[in-house]
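Trainee: Numbering (the working numbering), first residue to last: 1 to 230. Think of the CB as a built atom: it goes at the ideal place given N, C-alpha and C, for glycine as much as any other residue. Sharing a structure with you now.
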Amino acid sequence: MKNNLLNLNDEIINCTLCERLVDHRNTVSQKKRKAYLLDSYWGKPVPSFGEIDSSIFILGLAPGAHGSNRTGRMFTGDSSGNLLYPTLYDNELCNQPKSKNSQDGLELIDCYISAVVRCVPPQNKPTLYEIETCRRYLLQEIKLLMNLKVVVALGKIAFDQYIKCMKLLGISSDSKPLFGHNKRYTLSNGITLISSYHPSQQNTLTGRLTPEMFNDVFKLAKAISLQNKH
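Structure (structure tokens):
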């Protein structure tokens with residue numbers, strides 16, 4: 001199964017299915033932000049991060065232009081990661097609180113991070129076509145991650161798309177899933193789905209999402225994952 005996941009990540013990295021996204025990721029990688037002029041940008045689809053036997057699945061929207069698109073690792077090198085990884089560290093879900101680049105020694109503990117779309121979209125807004133095209137990779141991942149107990153969807157699009165994947169796989173919820181911060185649903189396959197506001201600056205700088213609110217989500221996810229192991 002691990003080889004299948006590695007092969008899938010290789011397929012993702014080499015994907016060129018969405019012309020608009022290919023053009024945009026290349027443009028961003030060439031027109032670098034001033035702070036990163038000396039950096040060599042990844043500039044390709046960003047693979048998922050974590051181990052195949054993880055029990056917690058974290059689903060985001062898409063790579064950041066000068067974050068994951070630059071570093072090549074999910075939520076690495078931007079403000080969203082500056083909140084996500086310290087929160088994971090506080091809940092013993094990774095080995096260090098900082099995530100600067102793909103070679104910084106960061107390791108996840110019992111969690112796996114993915115995204116709805118693997119290439120940076122213009123204005124951080126993928127089209128429906130791009131979401132649907134990239135869904136093939138998300139569906140394959142879900143099928144390969146056999147030990148999942150909890151899914152944390154970061155943002156409404158991630159939440160809606162995970163629900164869509166579940167419907168395609170014939171899996172239902174105990175009640176109608178409605179997005180909201182720290183809401184939880186039990187799926188018919190036994191997995192708990194938790195929704196969270198996305199840790200973007202749009203939410204954190206406005207106070208819509210505080211570190212305490214975000215920590216509550218992962219505190220709950222960790223507790224459920226441990227409970228289901230006993």
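Quick one: residues in its chain with C-beta nearer than 8 Å to the C-beta of G60, no 5 flanking neighbours on either side, listed in chain order?
Mentor: Along the sequence shown, one-based indexing puts residue 60 at 60. Here the set comprises M74, F75, S80, I113, S114, A115, V116, L154, G155, A158 and H198.
Trainee: Under 8 Å by Cβ, that's how I've got H248 and V120 pegged, so tell me the actual separation to the nearest angstrom.
Mentor: Nothing about residue 248 can be read from this structure; the chain reaches only from 1 to 230.
Trainee: Taking only three categories from DSSP, how would you classify F57?
Mentor: In the sequence shown, counting from the first residue as 1, residue 57 sits at position 57. DSSP places F57 in strand when its eight states are reduced to three.
Trainee: Going by other Cβ atoms of all chains shown within 10 Å of its Cβ, with 16 needed for buried, is E107 buried or exposed?
Mentor: Locating residue 107 in the sequence shown gives position 107, where the first residue counts as 1. Result: exposed.
Trainee: What does the alpha-carbon distance come out to for the pair A65 and L220?
Mentor: Residue numbering aside, residue 65 sits at position 65 when the sequence shown is read from its first letter. Residue numbering aside, residue 220 sits at position 220 when the sequence shown is read from its first letter. Each residue's Cα considered, the two are about 30 Å apart.
Trainee: Looking at the structure shown, is V28 part of a helix, part of a strand, or coil, going by DSSP?
Mentor: As a working mapping, residue 28 is identified with position 28 in the sequence shown. The answer is helix: DSSP assigns V28 an H, G or I state.
Trainee: So, for N189: in the same chain, excluding its five sequence neighbours on each side, which residues have a beta-carbon less than 7 Å away from its beta-carbon?
Mentor: Along the sequence shown, one-based indexing puts residue 189 at 189. Excluding residues within five positions, the ones whose Cβ falls inside 7 Å are I171.
Trainee: Taking the alpha-carbon of L187 as reference, which of V150, K2 and P122 has the nearest alpha-carbon?
Mentor: As a working note, residue 187 is residue 187 in the sequence shown. Checked all of V150, K2 and P122; the closest Cα to L187 is V150.
Trainee: Assuming R20 contacts W42 (C-beta within less than 8 Å), just tell me the rounded distance between them.
Mentor: The residue you call residue 20 lines up with position 20 of the sequence shown. The residue you call residue 42 lines up with position 42 of the sequence shown. With 8 Å as the limit, R20 and W42 do not qualify as a contact, their Cβ atoms being about 18 Å apart.
Trainee: Given a cut-off of 9 Å, decide if L128 and C165 are closer than it, judged by their beta-carbon atoms.
Mentor: Numbered from 1 along the sequence shown, position 165 holds the residue referred to as residue 165. Numbered from 1 along the sequence shown, position 128 holds the residue referred to as residue 128. For C165 and L128, no; Cβs fall outside 9 Å.
Trainee: Does the segment 204-221 come close enough to the segment 77-91 to have 3 or more Cβ pairs within less than 8 Å?
Mentor: Judged by Cβ distances under 8 Å, the segment 204-221 makes contact with the segment 77-91, as three or more pairs qualify.
Trainee: Determine, using beta carbons only, whether D90 and K98 come nearer to each other than 9 Å.
Mentor: Taking the first residue of the sequence shown as position 1, residue 90 is located at position 90. Taking the first residue of the sequence shown as position 1, residue 98 is located at position 98. The answer is no: Cβ separation not under 9 Å.
Trainee: Have a look at S55 and I12 and give me their C-alpha separation to the nearest angstrom.
Mentor: Locating residue 55 in the sequence shown gives position 55, counting from the first residue. Locating residue 12 in the sequence shown gives position 12, counting from the first residue. One C-alpha to the other measures close to 22 Å.
Trainee: I think G72 touches S102, with their Cβ atoms under 8 Å apart; what is that distance to the nearest whole Å?
Mentor: Position 72 of the sequence shown, counting from 1, holds the residue named residue 72. Position 102 of the sequence shown, counting from 1, holds the residue named residue 102. Yes, they are in contact, since the Cβ atoms of G72 and S102 sit about 5 Å apart, within 8 Å.
Trainee: What is the residue span of the beta strand (DSSP E) that K100 lies within?
Mentor: Locating residue 100 in the sequence shown gives position 100, counting from the first residue. Premise fails: K100 is in no beta strand (DSSP E) and is neither H nor E.
Trainee: Specify the secondary structure class of L205 as computed by DSSP and reduced to three states.
Mentor: Residue numbering aside, residue 205 sits at position 205 when the sequence shown is read from its first letter. Note: L205 maps to coil in three-state DSSP.
Trainee: Hey, how far is the Cα of L169 from the Cα of I163?
Mentor: Along the sequence shown, read from residue 1 onward, the residue named residue 169 stands at position 169. Along the sequence shown, read from residue 1 onward, the residue named residue 163 stands at position 163. Straight-line Cα distance between these residues: approximately 10 Å.
Trainee: Cutting at 7 Å between CB atoms, please list the residues of its own chain near S231, excluding the five before and the five after it.
Mentor: Outside the displayed range of the chain (1 to 230) lies residue 231, so it cannot be described from this structure.
Trainee: What is the DSSP secondary structure of S175, reduced to helix, strand or coil?
Mentor: Within the sequence shown, the letter at position 175 stands for residue 175. Note: S175 maps to coil in three-state DSSP.
Trainee: Straight-line CA distance for L205 to E212?
Mentor: On the sequence shown, position 205 is the one that residue 205 refers to. On the sequence shown, position 212 is the one that residue 212 refers to. So the alpha carbons of these two residues sit roughly 14 Å apart.
Trainee: Which value, in whole angstroms, describes the spacing of the CA atoms of E130 and D10?
Mentor: Along the sequence shown, read from residue 1 onward, the residue named residue 130 stands at position 130. Along the sequence shown, read from residue 1 onward, the residue named residue 10 stands at position 10. Roughly 19 Å separates the two Cα atoms.
Trainee: Start and end of the alpha helix (DSSP H) containing K183?
Mentor: If you number the sequence shown from 1, residue 183 lands on position 183. Premise fails: K183 lies in the beta strand (DSSP E), K183 to T186, not in any alpha helix (DSSP H).
Trainee: Suppose only complete runs of 4+ residues qualify. What are the alpha helix (DSSP H) ranges in the segment 75-140, listed by chain order?
Mentor: Within the segment 75-140, the complete alpha helix (DSSP H) runs of at least 4 residues are 79-90.
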